[in-house]
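In the working numbering, the protein residues as written are -16 to 241.
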């Protein structure tokens, strides 16, 4: 290939569309041509930005359509400096300038954006699938921990009525050093608020996790070890929880003795 021809391959190289002899010749040319290196960098940055900006799933036929249209577009002859034209014995002097047609170049970048957009979409799909699987594993783990406490040989329970009329029950396993709180009929907390569980260590309340409720029966393994706690309580706290109770407890349940 002539040096003039090599200047036209920056777009194709930027989207990894070169192979064989063309790739070898162009990379050899790229090592000595600052202008081409700069153009390749700019095209790759543009292609990357377009790919990241893609938020919609591309139609399955888009890639084939773009590539088919590229094949039907005839590139204009490159415009190179007169000195380069003489070196390549390319005939009449051409005007200064060295870019291929904007349309063909844009088509190459568009192809890169389509491919990149599809890759971004595939990555997001895979990431969503991993997140779903992780949440499922966490739910299974919580259910297994809950069952373990409820089925423990030394499990003992205590129930009581909350101030809002719902019922709360605590199940304690000293052997596992864990406790479970179950509620029936607990209404949703006010907007921006959440239910928080507490261990009572001789009257000092220790955070034991947050609990969601939608008005149905709910159960939660209390966070942390039972330790020396002799009771537990439930309060309504700001979303995210508190380090210490900021409201009166809905219920205080003394742990049952063994």
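Even glycine gets a Cβ: it sits at the ideal position worked out from N, Cα and C.
Which value, in whole angstroms, describes the spacing of the CA atoms of residue i and residue j?
{"i": "residue 224", "j": "residue 194", "result": "10 Å"}
{"i": "residue 74", "j": "residue 11", "result": "Reliability fails at residue 74, whose pLDDT of 47 lies under 50, so the model's placement of it is uncertain and the value that follows must be treated cautiously. Spanning the two alpha carbons is a distance of roughly 24 Å."}
{"i": "residue -10", "j": "residue 8", "result": "11 Å"}
{"i": "residue 226", "j": "residue 178", "result": "13 Å"}
{"i": "residue 143", "j": "residue 125", "result": "24 Å"}
{"i": "residue 129", "j": "residue 222", "result": "24 Å"}
{"i": "residue 147", "j": "residue 159", "result": "31 Å"}
{"i": "residue 171", "j": "residue 145", "result": "14 Å"}
{"i": "residue 127", "j": "residue -4", "result": "54 Å"}
{"i": "residue 240", "j": "residue 192", "result": "23 Å"}
{"i": "residue 51", "j": "residue 20", "result": "28 Å"}
{"i": "residue 14", "j": "residue 2", "result": "17 Å"}
{"i": "residue 214", "j": "residue 169", "result": "20 Å"}
{"i": "residue 78", "j": "residue 16", "result": "Caution is warranted here: a pLDDT of 41 is assigned to residue 78, below 50, making its placement in the model unreliable, and the coordinate value is therefore given only provisionally. For residue 78 and residue 16, the distance between alpha carbons rounds to 19 Å."}
{"i": "residue 140", "j": "residue 164", "result": "9 Å"}
{"i": "residue 131", "j": "residue 149", "result": "25 Å"}
{"i": "residue 47", "j": "residue 120", "result": "39 Å"}
Could you say which of the options lies nearest to residue i if we only look at CA atoms?
{"i": "residue 175", "options": "220, 181, 123", "result": "220"}
{"i": "residue 217", "options": "-5, 3, 1, 181", "result": "181"}
{"i": "residue 185", "options": "161, -4, 236, -10", "result": "236"}
{"i": "residue 122", "options": "202, 234, 226, 153", "result": "202"}
{"i": "residue 137", "options": "154, 145, 212, 143", "result": "154"}
{"i": "residue 166", "options": "189, 200, 158", "result": "200"}
{"i": "residue 0", "options": "27, 187, 188", "result": "27"}
{"i": "residue 238", "options": "189, 183, 15, 188", "result": "183"}
Please classify residue i as buried or exposed, where buried requires at least 16 neighbouring CB atoms within 10 angstroms.
{"i": "residue 134", "result": "exposed"}
{"i": "residue 156", "result": "buried"}
{"i": "residue 151", "result": "buried"}
{"i": "residue 44", "result": "exposed"}
{"i": "residue 162", "result": "buried"}
{"i": "residue 18", "result": "exposed"}
{"i": "residue 189", "result": "buried"}
Which same chain residues, not among the five before or five after residue i, have their C-beta less than 7 Å away from its C-beta?
{"i": "residue 22", "result": "-7"}
{"i": "residue 211", "result": "184"}
{"i": "residue 24", "result": "none"}
Beta-carbon within less than 6 Å of residue i's beta-carbon, same chain only, minus the 5 sequence neighbours each way: which residues are those?
{"i": "residue 4", "result": "none"}
{"i": "residue 82", "result": "For residue 82, the predicted model reports a pLDDT of 46, less than 50, meaning its position is unreliable and no value from the coordinates is stated."}
Which same chain residues, not among the five before or five after residue i, have their C-beta less than 8 Å away from its C-beta?
{"i": "residue 234", "result": "143, 144, 145, 146, 151, 216, 217"}
{"i": "residue 173", "result": "219"}
{"i": "residue 6", "result": "-4"}
Handout entry: Three or more C-beta pairs below 8 Å linking the region 223 to 231 and the region 199 to 214
Key = no
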